[in-house]
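Working notes, structure below.
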Amino acid sequence: MTVSLVWAQDLAGAIGKANAIPWRVPEDMARFKALTGTGSVIMGRKTWESLPAKFRPLPGRRNVVVTRNRAFDASGAEIVPGVREALDLVGGVASIMGGGEIYAAAMEFATHLRITEIDVFVDAADAFAPEIDTDVWTVVELGGWETSKTGTRYRFVDYQRAAR
Ligand SMILES: NC(=O)c1ccc[n+]([C@@H]2O[C@H](COP(=O)([O-])OP(=O)(O)OC[C@H]3O[C@@H](n4cnc5c(N)ncnc54)[C@H](OP(=O)(O)O)[C@@H]3O)[C@@H](O)[C@H]2O)c1
Numbered sequence: 079m080t081v082s083l084v085w086a087q088d089l090a091g092a093i094g095k096a097n098a099i100p101w102r103v104p105e106d107m108a109r110f111k112a113l114t115g116t117g118s119v120i121m122g123r124k125t126w127e128s129l130p131a132k133f134r135p136l137p138g139r140r141n142v143v144v145t146r147n148r149a150f151d152a153s154g155a156e157i158v159p160g161v162r163e164a165l166d167l168v169g170g171v172a173s174i175m176g177g178g179e180i181y182a183a184a185m186e187f188a189t190h191l192r193i194t195e196i197d198v199f200v201d202a203a204d205a206f207a208p209e210i211d212t213d214v215w216t217v218v219e220l221g222g223w224e225t226s227k228t229g230t231r232y233r234f235v236d237y238q239r240a241a242r
């Protein structure tokens, strides 16, 4: 399996607020696009709904939405009742693209974490990244801090699961 969890978080691990991403860093979006390529992306129902209608399904990629609602209408995506089912559907190679509930449920399957750290603290955030256990995860690439064209600082940090 190659299962990458891809997220951006603030300095306290926040990833979302009011079903939106509370910063604007286009360079992170560009990296997300490059990392997800033409592969499969797996997301929770709320993250699917957070995408502007004109951007969903994400083009060029197989979009899979996790929901307990079998009747959920996610036009252009496939729906599944759990993360395991999503991974089975796509043959075990995928990017997990959020949100908080789905990252937490997917952590046990993850082989890689592709994190963007955003140099802010978000007030009243309501979605969070899972904890990264340093006994389990090793940093394999630590980018330097860069400044977005929007003025926000960010850096990329990649982890791999330690051999087990
Ligand atoms: N910063 C980032 O990188 C990033 C990336 C993505 C999203 N986000 C943000 O994250 C927030 C959304 O995250 P969230 O945690 O609220 O929602 P979410 O993970 O996107 O979706 C939650 C939904 O997924 C389904 N679900 C969750 N666990 C499940 C399980 N074990 N089995 C089956 N279905 C399950 C349920 O759908 P049903 O209720 O339909 O059953 C649940 O309501 C937004 O603010 C979004 O902008 C941030």
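As numbered in the working numbering, the sequence shown has no gaps in its residue numbers, which increase by one up to the final residue, 242.
Idealized CB from N, CA, C, for every residue including glycine.
For residue i, I'd like the list of residues in its chain whose CB is within less than 7 angstroms of its CB, leaving aside the five on either flank, ordered along the chain.
i, result
"alanine 152", "Trp126, Val143"
"leucine 167", "Val142, Glu156, Val158"
"valine 214", "Arg239, Ala240"
What are the partner residues of residue i, as DSSP defines its beta bridges?
i, result
"arginine 126", "The sequence shown places tryptophan at residue 126, rather than the arginine named in the question. DSSP lists no partner for tryptophan 126."
"serine 82", "Ser173, His190"
"phenylalanine 234", "Thr194"
"arginine 239", "Trp215"
Going by CA-CA distance only, name the one from the options that's closest to residue i.
i, options, result
"asparagine 26", "Arg148, Ile196, Met121, Ile210", "Beyond the ends of the chain as shown, which are 79 and 242, falls residue 26; an answer cannot be given."
"isoleucine 180", "Phe234, Val84, Met79", "Val84"
"valine 198", "Gly117, Asn97, Val218, Arg102", "Arg102"
"isoleucine 99", "Glu219, Ala184, Lys111, Ile196", "Ile196"
"arginine 139", "Glu105, Gly154, Val200", "Gly154"
"phenylalanine 133", "Ala149, Lys111, Arg148, Asp211", "Lys111"
"alanine 149", "Ala131, Arg123, Glu163", "Arg123"
"serine 118", "Glu105, Ala90, Val171", "Val171"
"glycine 229", "Glu105, Gly178, Ala86", "Glu105"
For residue i, count neighbouring C-beta atoms within 10 Å of its own C-beta (all shown protein chains included) and say buried if the count is 16 or more, exposed if not.
i, result
"methionine 107", "exposed"
"arginine 146", "exposed"
"glycine 169", "exposed"
"arginine 192", "buried"
"aspartate 211", "exposed"
"leucine 89", "exposed"
"threonine 114", "buried"
With a threshold of 8 angstroms on Cβ separation, who are the neighbours of residue i within its own chain once the five nearest residues in sequence on each side are excluded?
i, result
"leucine 129", "Leu136"
"arginine 202", "One point to set straight first is that residue 202 is alanine, not arginine, in the sequence displayed. Cβ within range, chain order: Lys95."
"valine 161", "Ile120, Val144, Ile174, Ile180, Ala183, Ala184, Phe187"
"threonine 189", "Met79, Thr80, Val81, Ser82, Gln238, Arg239"
"valine 200", "Asp88, Ala90, Ala92, Lys95, Pro100, Trp101"
Check the Cβ-Cβ distances between residue i and every residue of chain E, and say whether any is below 9 angstroms.
i, result
"aspartate 211", "In summary, chain E is missing from the structure at hand, where a single protein chain is found."
Leaving out the 5 sequence neighbours to the left and right, which residues in its chain are closer than 6 angstroms to residue i when beta-carbon positions are compared?
i, result
"phenylalanine 234", "Thr194, Gly221"
"glutamate 219", "Asp236"
"threonine 225", "Arg231"
Q) Where are the alpha helix (DSSP H) runs, 4 residues long or more, that stay fully inside the region 87 to 146, in chain order? A) 104 to 114, 123 to 128
Q: Please list the segments of the alpha helix (DSSP H) lying wholly inside the region 162 to 228, counting only runs of 4 or more residues, in order along the chain.
A: 178 to 184
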